[in-house]
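When you line the sequence shown up against full-length UniProt numbering, it's residues 1 to 448, in that order. The beta-carbon is built from N, C-alpha and C at its ideal position, and this holds for glycine as well. Nothing here was measured: the structure is a model prediction, and the numbers come from that model. Note sheet for the following structure.
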Amino acid sequence: MATHAPTTAAPATPAPTQPPAPLSGATGARGALTIEAKVDLITRGLQETLGVDTIRDVLKERDLKLYWGTAPTGKPHIGYFVPMVKIADFLAAGCHVTILFANLHAFLDNMKAPWDQLEARTQYYEHLIKAILTSVGVPIDKLRFVVGTEYQLTREYNLDAYKLAAMLTVHDAIKAGAEVVKQTDNPLLSGLIYPGLQALDEQYLDVDAQFGGVDQRKIFVLAEKYLPKLGYKKRAHLMNAMVPGLAGSKMSSSDPDSKIDLLDSPKDVERKIKRAFCEEGNVADNGVLAFVKAVLFPIAGLRGNASFTIKRPEKFGGDSTYTSFEDLEKAFAEKKVHPGDLKKAVAEALNVLLEPIRAAFNTPELQELTETAYPTGKKPAGAASKKKEKKKHNKRPETADSAVSDAAAAPKDAQQAKAAPAAAPKDAAKPADQAKTAPVEAAKVTKA
């Protein structure tokens, strides 16, 4: 499923306390855009597009309908900014955009999401994706949010899945999922089902195109080949480039060393970027520079001031502002920008983007949801503070009589304290047992 995917250093990015700037062009008069202007908006910045003529044909009749899907597996990382920024272009072109939380796919992909955690992870992803969109200024009221199991468990969908299974070869299924589904020497049958279901999603979401990372290309080609065999139309496919990880490989939710989580603390962000590979003069294999290109410049452009500033002391040349990525890349290649200065600027810019996302999740409810979706064994900070406050409130004033009473009760309390750890695991196991037996409820289509 498409997940990748995928500054104060830049003064164009507002301070964390300011609301995000309005999306340029997203709410303007769509009638003023020609068909070619819409095509340019829809396809600009993409690595590849399959079916541009299909897009043009649709635009002659009506606005384009497309979807972007994400499987709620590991915690989303900063690479998710890339598709979110592109979604802003789709909205500016008048497209009807659906975001799919493909929870069933998350389970089918080598059980990356355990069945009893699917519902919590799906809710976590929905809250987080909406927070990202808000952070970059995308109007979420223009989007439709759908959870996969709402329609993927219906009779009609499953009948089509069986029909597809009767014509889809094992070779094509393995090939299609090679860059998306986890590969093993002895693959599970679920991983072979995955690509075909993603193809069916295009029909059941009633879209003209699917958007995803270029790592989805083989699944897109499978959809173009097999949907017409089921009697359905062939869709267009839009692909953004993958954001390199901090070590140079693809940024992945399942590889903590390659990514920065969207809820990482400011210090963690600075630490991870400081450790990232960023060789002086090397622009070919540079995840830090690639992030500036894929995320920071486009977001600054959405806010009407595409620039990026690197701050330096006067003795080292003073501040430098770049109004295009090409200028920054050229300066870095010529070693006019030091890796340390670039990293510091990117860390500051990224923390500005992440601050409203962290703030949105700084509630007891969402902290509890995070712990449920990705258990660590730790109690959410909000729950702990509430318990402490309650205990403090209930504490009775100490008097001579109460002191004697407390002293007399001490041995009994000590015995209870010793027994408490033994009882805790039994009690703690109850929610887990309940979670195993509780069915995953299909969430309803929601609108922000």
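For residue i, the first and last residue of its enclosing beta strand (DSSP E)
i, result
"residue 209", "209-213"
"residue 48", "48-50"
"residue 67", "65-70"
"residue 269", "It is not in any beta strand (DSSP E) - residue 269 instead sits in the alpha helix (DSSP H) that spans 266-275."
"residue 240", "236-240"
Three-state secondary structure assigned by DSSP to residue i
i, result
"residue 117", "helix"
"residue 75", "coil"
"residue 174", "helix"
"residue 160", "helix"
"residue 365", "helix"
"residue 92", "helix"
"residue 407", "Only weak support is given to the placement of residue 407: the predicted model assigns it a pLDDT of 43, under 50, and the question is left unresolved by the model."
"residue 143", "strand"
"residue 82", "helix"
"residue 58", "helix"
"residue 99", "strand"
"residue 261", "strand"
"residue 283", "coil"
"residue 232", "coil"
"residue 124", "helix"
"residue 321", "strand"
Residue i Cβ short of 7 angstroms to the ligand MG heavy atom set
i, result
"residue 116", "For the structure depicted, the ligand MG is absent and the ligand set is empty, with no information on it obtainable."
Whether residue i touches residue j by CB criterion (8 angstroms)
i, j, result
"residue 112", "residue 120", "no"
"residue 47", "residue 305", "no"
"residue 278", "residue 188", "no"
"residue 345", "residue 310", "yes"
"residue 331", "residue 283", "no"
"residue 117", "residue 373", "yes"
"residue 137", "residue 303", "yes"
"residue 140", "residue 262", "no"
"residue 94", "residue 53", "no"
"residue 76", "residue 128", "yes"
"residue 227", "residue 146", "no"
"residue 356", "residue 134", "yes"
"residue 281", "residue 335", "yes"
"residue 177", "residue 219", "yes"
"residue 211", "residue 115", "no"
Residues near residue i by beta carbon distance below 7 angstroms, same chain, minus five either side
i, result
"residue 148", "100, 101, 102, 103, 104 and 105"
"residue 160", "200 and 230"
"residue 232", "203"
"residue 90", "42, 66 and 97"
Residue span of the alpha helix (DSSP H) that contains residue i, given as start and end
i, result
"residue 204", "189-204"
"residue 360", "339-360"
"residue 39", "35-43"
"residue 328", "325-333"
"residue 226", "217-226"
"residue 316", "Element bounds for residue 316: n/a, residue is neither H nor E."
"residue 106", "103-108"
Beta-carbon proximity list for residue i, same chain, < 6 angstroms, skipping 5 on both sides
i, result
"residue 78", "260"
"residue 244", "287 and 290"
"residue 49", "43 and 238"
"residue 125", "72 and 101"
"residue 179", "215"
Sequence-distant residues of the same chain with beta carbon closer than 8 angstroms to residue i, five excluded per side
i, result
"residue 35", "56, 59 and 60"
"residue 269", "260, 347, 350, 351 and 354"
"residue 297", "306, 308, 324 and 325"
"residue 452", "Since the first residue of the chain shown is 1 and the last is 448, residue 452 is not available in this structure."
Those runs of the alpha helix (DSSP H) which lie wholly inside the segment 285-314 and span at least 4 residues: 287-291 and 297-302
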